[in-house]
Amino acid sequence: MSRPGHPEKEKEKSPFTAWRERLADRLARSSRVFLIGLLLACGVEVVVDWNATLKEINILRGGMRQRGLNYVSILAKAAVEPTLSYDADAMDNLSSGLFSDEDVAYVRFTDQRGTLLYDRLRPSFRDLLKQRKEPPFRERYATQMERDIDGILTDPERLKTHIRMSRHRDFAQAWNDTVAALASRLSRNAAQPDDRAGPVVYQDRLRKTDHTHDAEVTYALGDIEDERNETWGVVLVAFSMERTNAAIQHKLVKGAGMLVFFIGLILVQNVLSRRDKLRLLDLEVQKRGARAAILAALPGQSETGAQGGVTIAAVLKQAEGGVDGLLWDVQRTADEGRVEVLVIDPDGEGVAAAATALHVLATFRQRCTQGAQATPEEEVRRLGQVAASLPLSRPVGLLLLRIDGKSGEIQGVSGPIGGLRLISEGSRVPLAETPIQAGPEPIPGVMEPLFRLAGTLPSPGLLLLIFAGTGRSEDARRRVDADAVAGYVGRERRKEKGSLQELAADTAIWARGRVAGGSTRDVLALILARGEGA
Amino acid sequence: MDDKRPRRRDFGLAALGVCVGLLLPARRVCADAHLPPPRSPTLLRIRESRKLRVGMCPGVSPFILAEAEADELLRLAGQEKTQKRRADDGRMVAGLDVDLAAFTAQGLGVELEIALCDKFEDLFLTLGKDQVDVVLSGVSRTLARAAALSFSAPYLVSGQEVLTREPARFASLKEVNVARVRVGVEEGTTGESFARRTLPLARLSRYVRPDDLFRALEGKQIDIAVADGLLGRDAVLRHLVGGPLSSVENRRFTSEQIAFATRQGDPDFTEYLSLVVHDLKVSGHFHLLAHRYNLWLRTER
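Keeping their order, the protein sequence lines are chains A and B.
Residue 13 is where the first sequence starts when you use our numbering, and the numbers rise one by one after that.
Residue 3 is where the second sequence starts when you use our numbering, and the numbers rise one by one after that.
Here it is as structure tokens:
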């Protein structure tokens with residue numbers, strides 16, 4: 013049996029759901045989880061951005077590679093006769109066209125033993141090395157060129173593998189190698205770039221004297237083969253990577269800039285949203301506290317039930333997720349001959365609205381305890397003043413009814429909240445309403461207009477009070493179809509199934525379904541009965 | 003027991019080689035037997051005498067050197083085991099042209115006879131006097147010579163370079179062609195012709211031998227040496243100069259085609275020699291022969 017005046021017992025949450033909600037709340041508040049999430053987001057951003065940057069770098073380097081492979085392929089075919097003839101003039105003619113490409117730094121022709129036949133170095137590149145006080149080009153790269161020329165003459169595949177496995181590489185190359193290795197594992201058809209080059213090899217893993225990666229020079233080399241596929245020599249074309257490296261530098265700076273920007277954006281967005289989230293969580297806690305406070309303030313079993321000829325049943329279905337602040341109270345006189353019902357519906361919603369309603373309720377109870385005598389209208393004005401005395405509070409909608417348990421006489425004052433119907437023998441009629449003349453000044457703290465209510469609760473009969481939380485300042489009566497709810501109550505009552513409390517609970521549920529935005533409003537169903545069924 | 007097996011095998015291979023070696027000429031003779039006798043008087047004479055007479059002037063590296071110079075040539079080339087040949091005057095000779103002459107004689111199936119002539123300008127007279135069948139000494143084809151001689155297709159291309167030990171002072175030919183510059187040339191060569199034509203303002207000095215020319219350069223008696231690029235490289239290799247030689251403007255100024263020189267009036271023989279050159283190149287034999295003298299024939303710009 014549900015507690016009178018309290019919403020019907022909600023379905024018990026399953027342990028898993030409760031655990032999940034606790035976990036979600038803990039995770040939402042945990043700064044450690046936030047930090048991990050932030051690091052993950054930043055990490056993903058870094059990976060994605062740098063991948064894009066590295067891809068652009070690859071395109072730049074890929075262009076140079078393709079050029080090298082193309083030049084060597086063409087030269088190798090054209091150099092057969094000059095190689096056989098030891099014709100330096102012809103080799104000179106072949107290579108002179110290449111030097112119109114600003115990136116070509118050096119061309120070399122050797123015989124099939126790797127012995128030099130002809131080479132040519134761009135003077136500006138020679139001067140550049142001289143300016144930097146570095147060893148001359150031929151001296152600096154002699155060992156590596158001879159090694160690679162020997163490699164391509166003896167075992168080109170091994171040379172390609174050696175280049176691929178070389179440790180003299182920068183980060184971009186290491187990244188590409190890793191991605192290529194992964195791709196080759198995932199897809200057997202993924203060909204290595206060198207495989208498509210045929211007998212031409214591109215060397216971009218040179219080292220400096222200190223064994224670090226040399227990014228200044230790359231070269232392509234290929235066999236000089238005649239139509240019988242007999243190898244007569246090797247041609248090597250070396251490139252200065254100065255311009256390419258400058259472009260790469262630019263890409264890196266741009267990539268770093270974008271990365272910093274997006275990381276900053278992620279940080280700012282996440283920090284701000286977390287702040288908002290924590291604020292919302294705190295607000296949620298406050299709302300839960302406010303809802304609990306309202307529940308705790310509602311009348312207990314001693315005040316409801318059948319007493320003094322009037323039975324009171326009430327169910328408050330609180331709004332989901334919000335705090336509407338609707339609450340009610342019942343006071344009985346010492347001789348239990350009279351019942352006073354107060355319904356408070358603060359304007360607006362939130363913790364402040366609930367606090368206002370609770371304060372007004374506490375004041376009402378205190379006045380009743382002190383035995384204050386006032387007409388319903390005076391009482392309403394006093395309660396309104398209490399509400400108005402709270403800083404930044406909004407007016408409250410009030411309904412105060414006094415019912416004589418013996419005669420059933422009803423007197424009261426109501427603001428523009430809820431709906432009242434007298435239900436008996438198939439009829440449902442509202443209480444007589446007389447508007448209270450508004451004064452020159454509005455009544456402080458009270459939603460107007462006010463109405464004087466009068467009527468008689470028949471015996472047997474029911475008085476239905478149905479309220480949906482005001483929310484914003486608007487005529488809440490229009491949002492509750494009291495006639496429809498009264499019809500429902502009448503029908504259910506005729507079935508004579510269950511207690512008055514159960515009827516109230518069902519009515520509250522039913523009425524919520526009829527109210528626009530019902531789940532976001534408090535719904536209060538109060539049923540007073542006299543006589544049979546009381 | 004095991005030692006005898008390899009020996010038997012070696013002997014067997016050697017015997018097989020001898021048989022093949024004997025049979026091949028026989029095959030060639032058999033093949034030749036089907037060909038008509040040559041109409042070329044030179045070729046006919048060569049066949050009848052079973053000798054190819056080649057006129058050479060030693061002292062042109064790496065083409066033909068004699069005696070001690072030949073030894074030094076082979077040592078520098080790392081070809082100490084390469085066979086030298088004996089000229090008709092008893093001197094031992096070696097070089098690229100010697101190898102080419104040997105190849106030509108082998109192709110004809112005749113013996114090689116090398117007639118040495120110590121003066122280059124006298125070399126062509128031996129040809130005119132029918133003392134030799136062909137001249138090989140790094141001879142370049144020029145219009146003047148072609149008016150009196152016949153030349154085969156070229157087997158090598160070289161050219162005159164303007165060589166100096168002071169590259170910063172002589173960046174271009176313009177700096178060379180001034181009155182105060184002393185230019186040395188080898189007399190009677192295309193180098194002298196080039197210098198007279200293109201460096202009229204410079205002071206010209208003539209030297210009989212290339213060695214003298216480069217020693218003069220090293221001794222700063224001259225500022226510039228106009229010579230074939232091959233000679234310049236030879237001078238560096240044989241330490242006739244103390245350091246590297248720079249080529250003004252980093253290029254050759256002439257293109258000279260080196261070929262076999264023959265008497266006029268026997269185009270068939272000249273054509274035959276052209277075919278020899280062609281065959282040498284396409285078969286790769288020239289490349290292999292030239293590899294021995296790579297240190298002279300390579301080009302580094």
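For every residue, glycine included, the Cβ atom is placed at its ideal position computed from N, Cα and C.
In the three-state scheme derived from DSSP, where H, G and I count as helix and E and B as strand, B:Met94 is classed as strand. Around the beta-carbon of A:Trp31, fewer than 16 other beta-carbon atoms lie within 10 Å, marking it exposed. Against chain B, the CB of A:Arg138 has no partner CB under 8 Å away; the residue lies outside that interface.
By the Cβ criterion, the stretch 120-131 of chain B is not in contact with the stretch 230-250 of chain B, since fewer than three pairs of Cβ atoms, one from each stretch, lie closer than 8 Å. Distance from the CA atom of A:Thr221 to the CA atom of B:Glu177, rounded to whole angstroms, is 39 Å. Going by C-alpha positions, B:Ser42 is about 18 Å away from B:Glu113. Per DSSP, B:Ser152 lies in no alpha helix (DSSP H) segment; the continuous beta strand (DSSP E) that holds it begins and ends at Leu151 to Phe153. For B:Arg205, the enclosing beta strand (DSSP E) has its first and last residue at Arg205 to Tyr209.
Counting along the chain, A:Phe479 sits inside the beta strand (DSSP E) bounded by residues Gly473 to Ala480. Remark: three or more beta-carbon pairs, one from each stretch, lie closer than 8 Å, so the stretch 108-115 of chain A and the stretch 252-265 of chain A are flagged as touching. Look at the stretch 33-74 of chain B and you find these whole runs of beta strand (DSSP E), each 3 residues long or longer: 53-58. With respect to chain A, the C-beta atom of B:Lys283 has a partner C-beta closer than 8 Å. Check the Cα spacing between A:Gln124 and each of A:Ala88, A:Ala154 and A:Asn105: the tightest is with A:Ala88. DSSP places A:Val58 in the uninterrupted alpha helix (DSSP H) bounded by Ser43 to Ala90. Under the Cβ distance rule, B:Gly286 counts among the residues neighbouring chain A, one pair being separated by less than 8 Å.
Taking 9 Å as the Cβ-Cβ cut-off, the stretch 150-182 of chain A approaches chain B at Arg150, given in chain order.
Counting of Cβ neighbours within 10 angstroms places B:Ser142 among the buried residues, the total reaching 16 or more. Only residues of its own chain outside the window of five on either side were considered, and among them Val228, Ala229, Asp230, Gly231, Gly234, Ser249, Val250, Arg253, Arg254 and Phe255 have a CB closer than 8 Å to the CB of B:Glu163, listed in chain order. A Cβ-Cβ separation of about 12 Å leaves A:Val84 out of contact with A:Gly245 under the 8 Å criterion. The beta carbon of A:Ile435 sits closer than 8 Å to those of Gly473, Leu474, Leu475, Leu476, Ala498, Val501, Gly502 and Arg505, all from its chain and outside the five residues before and after it, given in chain order. When rounded, the separation of the alpha-carbon atoms in B:Leu138 and B:Ser276 is 13 Å. Here the alpha carbons of A:Gln261 and B:Leu290 stand approximately 47 Å from one another. For A:Asp61, no Cβ of chain B is located within less than 8 Å of the residue's own Cβ. For the stretch 93-162 of chain B, the full-length beta strand (DSSP E) segments reaching 3 residues or more read 94-96, 113-118, 151-153 and 158-160 along the chain.
Residues of the stretch 83-109 of chain A with a C-beta atom less than 9 Å from some C-beta of chain B are Glu93, Thr95, Leu96, Ser97, Tyr98, Asp99, Ala100, Asp101, Ala102, Met103, Asp104 and Ser107, listed in chain order. Listed along chain A, the residues sitting closer than 7 Å to B:Leu299 by beta-carbon distance are Tyr98. Measuring C-alpha to C-alpha distances from B:Met94 to each of B:Thr106, B:Ile66 and B:Leu78 identifies B:Ile66 as the nearest.
In the DSSP assignment, A:Leu354 falls within the beta strand (DSSP E) that extends over Arg350 to Pro358.
With the rule of 3 Cβ pairs closer than 8 Å, the stretch 261-277 of chain A does not count as touching the stretch 119-135 of chain A.
Chain-ordered, the chain A residues with CB closer than 9 Å to the CB of B:Glu302 read Leu128, Tyr130, Asp131, Arg132, Leu133 and Arg150. According to the DSSP secondary-structure assignment, A:Trp340 is paired through a beta bridge with A:Val355.
For the pair A:Asp101 and B:Ser152, the CB atoms are not nearer than the 8 Å cut-off. Counting only the Cα atoms, A:Met177 lies some 53 Å from B:Leu215. By the Cβ neighbour-count rule, A:Pro148 is exposed, with fewer than 16 other Cβ atoms within 10 Å of its own. Our two residues, A:Ala325 and A:Leu538, have alpha carbons roughly 6 Å apart in a direct line. Considering only A:Leu540, A:Asp495 and A:Ala496, the residue with the shortest C-alpha distance to A:Ser511 is A:Leu540.
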